[in-house]
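**Student:**
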Amino acid sequence: MRSAAELSALAALADTGVVGRASSSPLASGRLIDVSEEVRPLLPRGGLQRGEVVSCEGVAAVSMAMAVVAGPSQSGSWVAWAGVPGVNAMALHQMGVALERTVWVGDDGSEGWSDAVWGDVLAALVDGVDVVVVGPGVCGLRPATARRLTARLQNRGAVLVAIDQPVFGADLRLETRRPVWHGLGRGHGLAQGRDVEIEVTGRRAARPARHPRQLPTAAGMLGPSDSERVESSRGLRSIAREAG
4 MRSAAELSAL AALADTGVVG RASSSPLASG RLIDVSEEVR PLLPRGGLQR
54 GEVVSCEGVA AVSMAMAVVA GPSQSGSWVA WAGVPGVNAM ALHQMGVALE
104 RTVWVGDDGS EGWSDAVWGD VLAALVDGVD VVVVGPGVCG LRPATARRLT
154 ARLQNRGAVL VAIDQPVFGA DLRLETRRPV WHGLGRGHGL AQGRDVEIEV
204 TGRRAARPAR HPRQLPTAAG MLGPSDSERV ESSRGLRSIA REAG
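Numbering of the sequence shown is given in my numbering, commencing with residue 4 and proceeding in unit increments.
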């Protein structure tokens, strides 16, 4: 974990190439940050709009945030995780997040940080990276501080992904609900994936939309739900019979 003083140098480090925005990416100079093929259908514009706040909520909020940032990190964008307890390198790797472009902040011992410290830390991250993930470990943030950070976010062209953080006014909400685990029996078995319903709402969504997905899959990523796989299999069998 870095100290607040160390984090204040992140913006300067961006100029050295050690950490910073993916200036070499075709989309980095535009208004959209590319996401993975699995996440693209969930977003109204097919990518992350620079300057926006995306809220991940519900039963699989952390997994949803991992899925959202995996594509940007693979495309060359740096991602910072602030105050997200329980996130580890193995989980991020399984969800496709590029660890070599990942920064962790405040995952241990940050409970006593004040609004002023968190404000400075998050401002430095917004200045230095493309995507900042803010979790419930960021405690005591005042609405006025959140508004200043949102204005800075829009000015710098970064994206903030908020996990259960109502203090930030979200442009887009991805709420995960109705979880169903597969592979578990009565006291036995091994979890092989979890179906959820992802509801997309917010100012950037023309109308509410619901998407059945598996999050995570057995491989630890975002994929089609169990019902979608069954329907796809039936369709393929039907095509095969017609062809035969």
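C-beta: ideal position from N, C-alpha, C; glycine also.
#1: Might you give, ordered along the chain, the residues of its own chain that have their beta carbon closer than 6 Å to the beta carbon of GLN217, omitting 5 neighbours on each side?
#2: Find out if the Cβ-Cβ distance for the pair ALA68, ILE166 is shorter than 8 Å.
#3: In three-state DSSP terms, what is ARG34?
#4: Less than 8 Å between the CB atoms is what I'm expecting for ALA92 and VAL132, so what's the real figure, rounded?
#5: Can the beta-carbon of PRO182 be found closer than 8 Å to that of ALA70?
#6: Can you say whether GLY49 is buried or exposed, counting buried as having 16 or more other CB atoms within 10 angstroms of its CB?
#7: Determine whether the beta carbon atoms of CYS118 and ARG145 lie at a separation below 8 Å.
#8: Going straight from the alpha carbon of MET98 to that of ASP37, what length do you get?
#9: Name the residue from VAL87, LEU51, ALA83 whose alpha carbon lies nearest to the alpha carbon of ALA101.
#10: Would you tell me roughly how many angstroms separate the C-alpha atoms of PRO219 and ALA73, rounded to the nearest one?
#11: Mind checking TRP184: buried by the 16 CB within 10 Å criterion, or exposed?
#12: Per DSSP, what kind of secondary structure is GLN168 in: helix, strand or coil?
#13: With a cut-off of 8 Å on the beta carbons, I'd call ARG150 and ASP174 a contact; round off their distance for me.
#14: I think ALA209 touches PRO47, with their Cβ atoms under 8 Å apart; what is that distance to the nearest whole Å?
#15: In angstroms with no decimal places, state the Cα-to-Cα distance between GLY138 and GLU40.
#16: Could you check if ARG53 is buried or exposed, using at least 16 other CB atoms within 10 Å of its CB as the buried criterion?
#17: Could you give the distance in angstroms between the alpha-carbon of HIS96 and the alpha-carbon of LEU177?
#18: DSSP on GLU60, reduced to helix/strand/coil?
#19: Give me, in chain order, the residues of the same chain whose beta-carbon lies closer than 6 Å to that of LEU152; leave out the 5 immediate sequence neighbours on both sides.
**Tutor:** With the structure as the only source:
#1: GLY196, ASP198, GLY226, SER228, listed in sequence order.
#2: Yes, the Cβ-Cβ distance between ALA68 and ILE166 is below 8 Å.
#3: Residue state, collapsed to three classes: coil.
#4: Contact doesn't hold; Cβ gap of about 18 Å is too wide.
#5: The answer is no: Cβ separation not under 8 Å.
#6: Around the beta carbon of GLY49, a 10 Å sphere encloses fewer than 16 other beta carbons of the protein chains shown; the residue is thus reported as exposed.
#7: According to the sequence provided, residue 118 is Asp. The question's Cys does not apply to it. Closer than 8 Å, so yes.
#8: C-alpha separation (whole angstroms): 16 Å.
#9: Checking every option, the nearest Cα to that of ALA101 belongs to ALA83.
#10: Cα-Cα distance, rounded: 13 Å.
#11: So TRP184 counts as exposed.
#12: Of the three classes helix, strand and coil, the one that applies to GLN168 here is coil, per DSSP.
#13: Not a contact, Cβ separation roughly 14 Å.
#14: Indeed, because the Cβ distance is near 7 Å, the residues count as touching under 8 Å.
#15: Whole-angstrom Cα-Cα distance: 25 Å.
#16: So ARG53 counts as buried.
#17: Computed Cα separation, rounded: 22 Å.
#18: GLU60: strand per DSSP, three-state reduction.
#19: Cβ neighbours of LEU152 beyond the five flanking positions: LEU125.
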